[in-house]
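Peer 1: Numbering-wise, the numbering used here comes out as the position in the sequence shown, counting from 1, plus 66.
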Amino acid sequence: NFGTVETIPEAFDREYLSPVQIGTPPQTVNLNFDTGSADLWVNTNETPENQQNGQVEYNPTLSSTAKKMEGATWDITYGDGSASSGIVYTDVVSIGGVTVQSQAVESAQQVSSSFQADAASSGLLGLAYGTINTVQPVQQKTFFENAMNDLASPLFTVNLMKQAAGSYDFGYINASEYTGEIQYTPVDNSRGFWGFNPSGFQVGNSSFNASSWYAIADTGTSLLLLPSGMVDIYWSAVSGAKFDALQGGYTFPCNTTLPSFTFGVEEYRGVIPGHFMNYAAITKTTCFGGIQSSDALGFSIFGDVALKAQFVVFDGGDNTLGWANK
Ligand SMILES: CCNC(=O)c1c(-c2ccccc2)csc1NC(=O)CNCCc1c[nH]c2ccccc12
């Protein structure tokens with residue numbers, strides 16, 4: 067079978083939320099689909115009231131198909147320092163008509179401040195490899211891993227848009243969502259991520275700089291995080307841009323016209339329009355850049371700033387990533 071679900075951007079395209087049905091009768095919660103992690107966790111009736119800000123909850127006691135996974139716990143800390151933890155149920159989970167009968171649904175008994183403040187998001191739905199799922203003592207599979215063998219094709223596609231509704235498709239490739247040919251490239255999943263090797267980069271209409279490095283395709287990270295050498299070259303082409311240690315990255319005058327950023331995947335060239343690199347206004351006149359350094363991380367992250375310019379196929383059958391412009 068196959069299915070599609072819309073995904074809606076929050077302010078600044080900071081994150082994208084999609085409706086998910088959990089339990090019997092179905093309870094719909096809006097979750098952040100995250101190809102950079104592998105836990106499906108959600109605010110529930112067990113989440114402390116003082117750690118919530120109006121989020122819609124999943125209540126397993128109201129679901130006839132919910133089963134507590136005795137003795138199971140989860141505890142996740144993301145690179146930005148945010149964290150959550152709790153206990154585990156299994157229940158029926160459906161996305162866009164694709165149903166998994168027994169999906170591990172992780173109930174949050176603790177969420178850190180950035181999640182507490184995020185009123186629109188009821189949690190995350192991990193789409194990375196289950197090898198980094200945090201449930202103990204028995205590690206759990208992601209929704210996609212559980213659904214994969216029943217899908218027409220063992221893949222899902224990501225079509226994020228700038229300040230507009232996009233979609234996650236499961237089990238099929240919708241040719242109307244991209245232009246040209248899809249460039250497939252092998253995935254390095256040794257760290258549990260959808261890792262790949264870009265082949266170089268280009269700022270605006272300048273020459274292409276061939277280079278090979280390791281990056282991950284991560285819908286759960288907002289920005290495009292790249293080696294500082296590339297980031298410095300990009301921002302040196304923007305008059306008035308500067309590294310602002312207080313803001314923790316490059317800022318630039320909001321009224322500047324920004325150059326595009328092109329990345330290579332083998333022979334393919336993915337183009338990110340210049341205006342995608344304006345992440346958010348800090349003041350009336352100063353804006354924060356969408357391209358920032360990944361040096362502190364040790365690897366690059368193609369987050370939403372890059373992904374919203376592309377149509378990306380996440381193929382769990384042959385462990386490849388497919389890239390196309392749109
Ligand atoms: C900024 C979020 N991204 C990360 O922390 C991250 C890092 C990472 C590692 C070190 C320093 C900064 C980032 C590596 S892979 C990676 N990707 C993920 O961890 C993907 N999941 C992010 C979930 C997430 C963390 N904080 C949020 C706040 C709002 C919505 C979603 C989130």
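C-beta: ideal position from N, C-alpha, C; glycine also.
Please give me, in chain order, every unbroken run of the alpha helix (DSSP H) with length at least 4 that falls completely inside the segment 174–248.
Peer 2: Whole alpha helix (DSSP H) segments, 4+ residues: 179–183 and 209–213.
Peer 1: Say yes only if the C-beta of Y345 is nearer than 8 Å to one or more non-hydrogen atoms of ligand 1, and no if none qualify.
Peer 2: Outside the cutoff, so no.
Peer 1: Using a Cβ-based criterion (distance less than 8 Å to any ligand heavy atom), does N98 qualify as near ligand 1?
Peer 2: Flag set: Cβ of N98 near ligand 1.
Peer 1: When you compare the CB positions of I357 and L312, do they come within less than 9 Å of one another, or not?
Peer 2: In this structure, L312 does not lie closer than 9 Å to I357 by Cβ.
Peer 1: Quick one: give me the first and last residue of the alpha helix (DSSP H) that A372 is part of.
Peer 2: D370 to L373 is the extent of the alpha helix (DSSP H) around A372.
Peer 1: Beta-carbon separation of T101 and D381 under 9 Å?
Peer 2: No.
Peer 1: When every heavy atom of ligand 1 is checked, does at least one fall within less than 8 Å of the C-beta of I282?
Peer 2: Indeed, a heavy atom of ligand 1 lies less than 8 Å from the Cβ.
Peer 1: How should P220 be labelled, buried or exposed, when 16 other C-beta atoms within 10 angstroms of its C-beta is the threshold for buried?
Peer 2: With 16 or more other Cβ atoms within 10 Å, it is buried.
Peer 1: Mark T73 as exposed unless 16 or more other C-beta atoms lie within 10 angstroms of its C-beta, in which case mark it buried.
Peer 2: That one is buried.
Peer 1: Can S129 be considered in contact with ligand 3, in the sense that its beta carbon sits closer than 8 Å to one or more heavy atoms?
Peer 2: Annotation note on ligand 3: not contained in the displayed structure, which lists ligand 1 as its ligands.
Peer 1: Run the CB neighbour count on N98, radius 10 Å, all protein chains shown included, and call it buried at 16 or more, exposed below.
Peer 2: Per the 10 Å Cβ criterion, buried.
Peer 1: Can you tell me whether DSSP reads Q313 as helix, strand or coil?
Peer 2: Coil at Q313, not helix or strand.
Peer 1: Flag F259 as yes when its Cβ comes closer than 8 Å to any non-hydrogen atom of ligand 1, and as no otherwise.
Peer 2: Flag set: Cβ of F259 near ligand 1.
Peer 1: Comparing alpha-carbon positions, which option in I153, P339 and D141 lies nearest M135?
Peer 2: Out of I153, P339 and D141, I153 has the C-alpha closest to the C-alpha of M135.
Peer 1: Among the candidates T70, F68, D79 and F327, whose CA atom is the shortest distance from the CA of A346?
Peer 2: Closest by alpha carbon: D79.
Peer 1: Which residue spans inside the segment 327–378 form an unbroken beta strand (DSSP E) run of at least 3?
Peer 2: Correct list: 327–331, 334–338, 344–347, 352–355, 357–359 and 366–368.
Peer 1: Any idea which residues DSSP pairs I161 with across the strands?
Peer 2: V164.
Peer 1: So which of S151, N116 and Q87 has the shortest CA-CA distance to W107?
Peer 2: Taking only the C-alpha atoms, the option nearest W107 is S151.
Peer 1: Check the DSSP bridge columns for N391 and list the partner residues they point to.
Peer 2: Answer is Q376, bridged to N391.
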